[in-house]
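One structure below.
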Amino acid sequence: MIRVSIIILLGCISFFCAAQSGKASKVQSVNSSYDELNAVLSPDGNTLYFTVANHPQNMGGIKDPGDIWISTWLENDWSAPVHGGKLLNDLSFNGVAGISPDGRTMILLSHYDASGRAKTQGISVSYKNGSDWSRPQNISIPYFQNKSSIISGSLSDDMKVFVYSAETYGSYGVEDIYVTTQHDDGSWGAPKNLGKTINTQFQEVCPSLSPDGMTLYFSSNGRKGLGSFDVYSASRLDDSWTRWSEPFNMGSLINSDGRELYYKAYPANGLVLYAGTKNSDGYGDIRMIEIPEVKPPVEHVDTIGFIVREREVIVPENHIRVFGKVTDSKTQEGIQARITFANDAEVMPIVAEAERGYNTTLESTLQYTIKIEAPGHISSLEKLDLNTYELKSLEMNFKLQPVEKGTTVNLRNVLFEQSTTNLLTESSQELDMVVTFMKENPQVTIELSGHTDSRGNHADNVKLSLQRAEKVKDYLGSRGVDVKRMSSKGYGGVKSIASNDNEETRKLNRRVEFTIKKM
1 MIRVSIIILL GCISFFCAAQ SGKASKVQSV NSSYDELNAV LSPDGNTLYF
51 TVANHPQNMG GIKDPGDIWI STWLENDWSA PVHGGKLLND LSFNGVAGIS
101 PDGRTMILLS HYDASGRAKT QGISVSYKNG SDWSRPQNIS IPYFQNKSSI
151 ISGSLSDDMK VFVYSAETYG SYGVEDIYVT TQHDDGSWGA PKNLGKTINT
201 QFQEVCPSLS PDGMTLYFSS NGRKGLGSFD VYSASRLDDS WTRWSEPFNM
251 GSLINSDGRE LYYKAYPANG LVLYAGTKNS DGYGDIRMIE IPEVKPPVEH
301 VDTIGFIVRE REVIVPENHI RVFGKVTDSK TQEGIQARIT FANDAEVMPI
351 VAEAERGYNT TLESTLQYTI KIEAPGHISS LEKLDLNTYE LKSLEMNFKL
401 QPVEKGTTVN LRNVLFEQST TNLLTESSQE LDMVVTFMKE NPQVTIELSG
451 HTDSRGNHAD NVKLSLQRAE KVKDYLGSRG VDVKRMSSKG YGGVKSIASN
501 DNEETRKLNR RVEFTIKKM
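Residue 440 in the numbering used here sits at position 440 of the sequence shown, and the numbers go up by one each step.
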C-alpha cells in the first residue's frame, strides 16, 4: 500500500474562491490522521468519495487496506466524513473508479464476494437506490490480473473506457498502465498495455483521463522527477491506445519532493484532485487548488540533429544509485527478473530487463533485503548493508539457477546457533522462499544436505549436519510442503566449498543446501 496524503482540488464553483491564485487550502473537516487517497467528486460537485486506509472504523479495523468514506458539501464546508457502509466496503481495498454523469451509477475498484475478502480482481457496479447504493455486482474483464497490492484506476466520463495500473505477465515494469474498453453489447474487451512510451521498468500507477479521453494523467517513479512519485501527462495520438506523446512532468505546483498520486481533472469546475505526502497533518490532508497551467517541455535540435527535451532532474541527497543485471547461472545470458528491495519501512519492487538490466536509487544509510525472482529459475535472497554518504553508485549483479534436475542451491541465509540445531530467526525469509518454490513446482523432489567445517570428530559432524538438514525439513513440512518430496542427509565436513584454514572461509562450509533430485 502506498501511503499518501490526499490533496483534493474540489470541483464546485461555490468554493472556488478557496483556491485563489493556485494556492491550496486545507479542508479541515475532512482531514484526519489516517491515510486518505483516491478521491472522486460526484458530477454535481456535492459529494466526495474517498478511500481511508487503516481506520479503526473500517470493516477490517486498523488492518483494513481501505474503505470508502463519504462527505457532502454544506453551505460553507464539507461535512464530517461518514463510513460508506457494509454494502460498498469489505475486508479488501475499496475505492471508487468513476460515477456516471447522472450520478446514478458507480463503478468500484475490485470484485466483491460473500466472504468479505475479494478472491478475484476487476471492477464492480453499484446503482443509486434513493439515497443509498445497491450491493455491488462484479463486472467481468477477460484476462484481468493484478499481482500488485496497489489498486488504482479510473473510468472515462462516458463510462466506456477503464484505465488502470497492474503488475501482470507482460508488464514492462512492476506496475504498468493498461486500458480496457466497453463493447456495444456492454461487455468489456481484453486489457491492452499502453506501451513503452508510457510505461517504464519502474512503477506507473493511478491513471486517469481528461473528459475527451485524449489526455492521460498518471504517476511514476521511473522518470527522475522532483520526488519519488510525480504526476505526468501525455496526449493520445490515435485510437490504438499505444501511441502517445512523450510524457511531461506536471511541474512544481503539483509535484514536490514527496509523492503525488491519484490526479483527476475536473475542468468544468476549474479544479482537480490529487494525492500527495508533502506537509500533511497526518497520513492524509484534503486540499483544493485551481487547475494548474502546465506547458510541455521545450524541444530544440542540437548540432547533430537529435531532439533534446529540457526537463528538471533532481537526484535525491543521501541516496545511492544501484544498478546491474540478472543472468542465468548456466548460460550466462541476461534474463528478465523481479527484484525487491525491502527495509524496515518500505518494500520497493522493480524489474530487471534481460538486456538493459536494472537501475534504481536507494537511501544510502539503510539495510536492505534483496529478493530476486524469475520464471523458470530458483529465487535468491541477498543482504545489502549501506552505511555511506561517500559512495554514489554500486553495481550489483545477480545469477539465478535454472529449475532443472541436479541443480544445487546453497541456503546461505539459513543460520543456526553455534553447535546446535536451533534456527536463527533471520533464517525464515529464505526458508519461506523454498516453501514457495516447492509449492509452485509440485513435480520437484529435493534432497536437503547438511554440512560442517572439517574441525572436530567426523562422526559428530555428520550427526550434527544431518540434524540440521532434518530441522530444515521439519520447517518446510510445517509450512505445507509434503515431506515425501524431501529427503535429508548429513555429510559432515567432507564436501567443503572453501578452505578450512581460517574462520572467514570455514564459516562458508557450515551450510545447508538442497538439490533437485527429480522433476
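We treat Cβ as the ideally placed atom computed from N, Cα and C, and that holds for glycine.
As the structure is a computational prediction, the values presented were derived from the model and not from experiment.
Taking buried to mean at least 16 other C-beta atoms within 10 Å of its own C-beta, is residue i buried or exposed?
i      : result
Thr425 : exposed
Lys473 : buried
Gly305 : The predicted model places Gly305 with a pLDDT of 38, which falls under 50 and marks its position as unreliable, so this point remains unresolved.
Gly480 : exposed
Glu260 : buried
Asn76  : exposed
Ser495 : Reading off the sequence, residue 495 comes out as Lys, not Ser. Looking at its Cβ environment, which holds fewer than 16 other Cβ atoms inside 10 Å, Lys495 is exposed.
Gln121 : buried
Val313 : The pLDDT assigned to Val313 is 35, lower than 50, so where the model puts this residue is not dependable; a value taken from the coordinates is nonetheless given after this. Burial call: exposed.
Asp385 : exposed
Met519 : exposed
Ser499 : exposed
Asp184 : exposed
Val347 : exposed
Ala53  : buried
Pro442 : exposed
Ala80  : exposed
Arg455 : exposed
Gly490 : buried
Ile497 : exposed
Asn387 : exposed
Arg511 : buried
Using CA coordinates, which residue listed in the options is at the minimum distance from residue i?
i      : options                        : result
Phe229 : Met486, Phe202, Ser208, Arg243 : Phe202
His83  : Glu36, Pro43, Ile291, Asp102   : Glu36
Ser165 : Phe218, Met159, Ser134, Thr197 : Phe218
Tyr263 : Thr200, Val163, Ala190, Glu317 : Val163
Val161 : Pro136, Ile177, Lys147, Gln332 : Ile177
Gly406 : Ala345, Gln367, Ser465, Phe514 : Phe514
Ala114 : Asp185, Leu87, Gly490          : Leu87
Ala345 : Leu366, Gly334, Val351         : Leu366
Leu41  : Lys63, Asn31, Ala53, Ile70     : Ile70
Pro267 : Glu373, Leu209, Glu246, Glu317 : Leu209
Lys147 : Pro43, Glu167, Ser131, Gly222  : Glu167
Arg338 : Tyr172, Trp188, Tyr232, Ile289 : Tyr172
Trp133 : Tyr49, Arg223, Lys63           : Tyr49
Arg104 : Tyr112, Lys128, Gly98, Ala97   : Lys128
Leu362 : Ser393, Phe93, His111, Gln467  : Ser393
Leu411 : Val435, Glu395, Gln418         : Val435
Ser131 : Asp460, Thr47, Tyr169, Val272  : Thr47
Trp241 : Gly213, Glu317, Lys463         : Gly213
Ser100 : Pro43, Asn94, Leu91            : Pro43
How would you write the range of the alpha helix (DSSP H) that residue i sits in, first residue to last?
i      : result
Gly477 : 458-478
Val444 : Note, Val444: premise wrong, no alpha helix (DSSP H); not H, not E.
Arg321 : Taken as a continuous stretch (DSSP letters only), Arg321 belongs to no alpha helix (DSSP H), being part of the beta strand (DSSP E) at 319-324.
Thr505 : 503-509
At what residues does the beta strand (DSSP E) containing residue i begin and finish?
i      : result
Val272 : 271-276
Gln367 : 367-373
Lys264 : 260-266
Leu411 : Careful: Leu411 lies outside any beta strand (DSSP E) and carries neither H nor E.
Ala97  : 95-99
Pro191 : Note, Pro191: premise wrong, no beta strand (DSSP E); not H, not E.
Tyr112 : Run containing Tyr112: none; DSSP gives neither H nor E here.
Met348 : 347-352
Phe50  : 47-53
Pro247 : Pro247 -> no beta strand (DSSP E), and no H or E assigned at all.
Tyr178 : 176-181
Asn359 : 358-363
Gln401 : 398-402
Gln137 : 137-139
Val483 : Per DSSP, Val483 belongs to no beta strand (DSSP E) and is neither H nor E.
Leu216 : 215-220
If residue i and residue j are in contact, beta carbons under 8 Å, what's the gap, nearest whole angstrom?
i      : j      : result
Asp157 : Pro207 : About 14 Å separates the two Cβ atoms, so there is no contact after all.
Leu155 : Ile107 : 5 Å
Asn138 : Ser124 : 5 Å
Asn397 : Asp453 : No, Asn397 and Asp453 are not in contact; Cβ-Cβ is about 28 Å, not under 8 Å.
Thr327 : Ile320 : About 22 Å separates the two Cβ atoms, so there is no contact after all.
Trp73  : Val30  : Incorrect: roughly 11 Å between the Cβ atoms, too far for contact.
Leu271 : Met288 : 6 Å
For residue i, I'd like the list of residues in its chain whose CB is within less than 7 Å of its CB, leaving aside the five on either flank, ordered along the chain.
i      : result
Gly376 : Pro402, Val403
Less than 6 Å between C-beta atoms, sequence neighbours within five positions excluded: which residues of the same chain meet that for residue i?
i      : result
Val205 : Ile150, Ser152, Ser165, Glu175, Ser219
Tyr520 : The first residue shown for the chain is 1 and the last is 519, placing residue 520 beyond what the model contains.
Ala190 : Pro142, Tyr143
I'd like to know whether the C-beta of residue i is nearer than 7 Å to at least one C-beta of chain C.
i      : result
Pro211 : Absent from the structure: chain C. Only one protein chain is present.
Only counting the same chain, and skipping five residues up and downstream in sequence, which positions put a Cβ closer than 8 Å to that of residue i?
i      : result
Trp244 : Leu194, Gly195, Thr197, Ile198, Leu216, Ala234, Ser235, Arg236, Leu237
Ile378 : Leu400, Gln401, Pro402, Val403, Thr407, Val409, Phe437
Gly324 : Ala352, Gly357, Tyr358, Glu395, Met396, Asn397, Phe398
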